[in-house]
Amino acid sequence: MATLLKKPLKLALVQLASGADKALNLFHARNKVLEAAKSGASLIVLPECFNSPYGTQYFSKYAETLLPSPPSKEQSPSFHALSALASEAKAYIIGGSIPEFAPESNKYYNTSLVFSPTGALIATHRKTHLFDIDIPGKITFKESEVLSAGNKITIVDLPEYGKVGLAICYDVRFPESAMIAARRGAFLLVYPGAFNLTTGPLHWSLLGRARAVDNQVYVALCSPARDMNASYHAWGHSLVADPKAEILKEAGEVEEIVYADLNPKAIEEMRKGIPIYNQRRFDVYPDISKGVIRESE
């Protein structure tokens with residue numbers, strides 16, 4: 001059995017409280033990331049839309065241009081802030097997500113940037129499944145009013161540790177990308193996300209644990225802190241589930257940092273005890289990880 005996680009890893013999820021001031025959000029994110037790094041975290045995750053309020057009315061106002069890469073500081077202050085922060089913290093940073101504007105297509109995206117401990121950009125993921133829901137009497141929300149969907153699966157290689165599958169929020173409801181990442185060797189699935197007070201209590205923990213038990217890997221969900229004065233009320237409850245689908249750590253509603261120690265043996269022991277990876281019937285149904293998979297935009 002191949003070892004997916006090469007050595008123990010301390011993970012930190014920053015359940016950040018953000019507001020309307022982008023510069024202040026970036027400054028605050030820096031402080032919390034450095035706090036996590038000082039506590040020994042080697043991989044630090046920020047929440048969805050960490051540099052701005054979340055909402056269709058905000059995406060275009062806060063959007064930054066990322067291509068061609070690297071953008072200028074004027075085009076993307078968040079890119080440069082994250083790059084410098086990763087280098088300062090000497091840690092991998094999954095920069096939650098930010099609203100992106102692509103001038104060549106005149107489209108907006110919900111985009112996650114991943115930086116190495118040297119400050120180098122090592123991965124970009126555009127949200128592939130847009131959050132369009134209508135629950136009568138509860139919530140109607142349509143990201144597609146402003147945003148366009150990304151078009152690829154994202155698997156990030158952290159050479160010292162292994163591979164991480166990356167997707168954003170609503171992407172977690174679609175198990176296909178998680179299965180592909182896990183079957184291609186990911187030890188961890190990361191989802192920056194902003195569930196709300198309707199979808200959060202229904203499915204947040206359930207979906208995180210489901211992706212963990214489906215694939216026998218670690219799963220991390222990183223939410224913004226809840227702000228009842230904002231137009232969109234995030235659920236909070238950032239969490240880490242282990243390969244048995246047990247919740248290792250979970251935040252409450254307010255701003256905090258969730259830490260979890262990821263151990264290679266947890267994956268190996270789960271897969272030995274319940275060996276679904278050797279029991280699948282690809283003579284009966286197809287292996288989704290062997291199909292035509294887009295890995296570039």
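Numbering of the sequence shown is given in full-length UniProt numbering, commencing with residue 1 and proceeding in unit increments. Where a beta carbon is used, it is the ideal one built from N, C-alpha and C, also for glycine. Model, not experiment: these values are computed from the prediction.
query                                                                                                       : result
Inter-stretch contact (C-beta, 8 angstroms, three-pair minimum) for the segment 26-33 and the segment 55-71 : no
Distance CB(L166)-CB(A120) smaller than 8 angstroms                                                         : no
Straight-line gap, V156 to K163 (C-alpha atoms, nearest Å)                                                  : 6 angstroms
Spatial distance of I133 from F195 (CA atoms)                                                               : 12 angstroms
Rounded straight-line distance, which links the Cα of A241 to that of V190                                  : 11 angstroms
Per DSSP, the bridge partner or partners of K163                                                            : D157 and A186
Residue span of the beta strand (DSSP E) that contains S112, given as start and end                         : K107 to F115
Whether I153 touches K127 by CB criterion (8 angstroms)                                                     : no
Close beta carbons around A91, own chain, < 7 angstroms, minus the five adjacent residues each side         : A37, A41, S42, L43, I44 and P117
Assumed close pair L239, E250 - CB separation to whole angstroms, cut-off 8 angstroms                       : 4 angstroms
Extent of the continuous beta strand (DSSP E) to which T65 belongs                                          : Per DSSP, T65 belongs to no beta strand (DSSP E) and is neither H nor E.
Rounded straight-line distance, which links the Cα of N263 to that of G193                                  : 24 angstroms
Beta-carbon proximity list for R211, same chain, < 6 angstroms, skipping 5 on both sides                    : A178, L189 and V219
Complete runs of the alpha helix (DSSP H) confined to the segment 186-238 [at least 4 residues]             : 205-215
One or two residues paired with E250 in a DSSP bridge                                                       : L239
Beta-carbon gap between L5 and Y161 smaller than 8 angstroms                                                : yes
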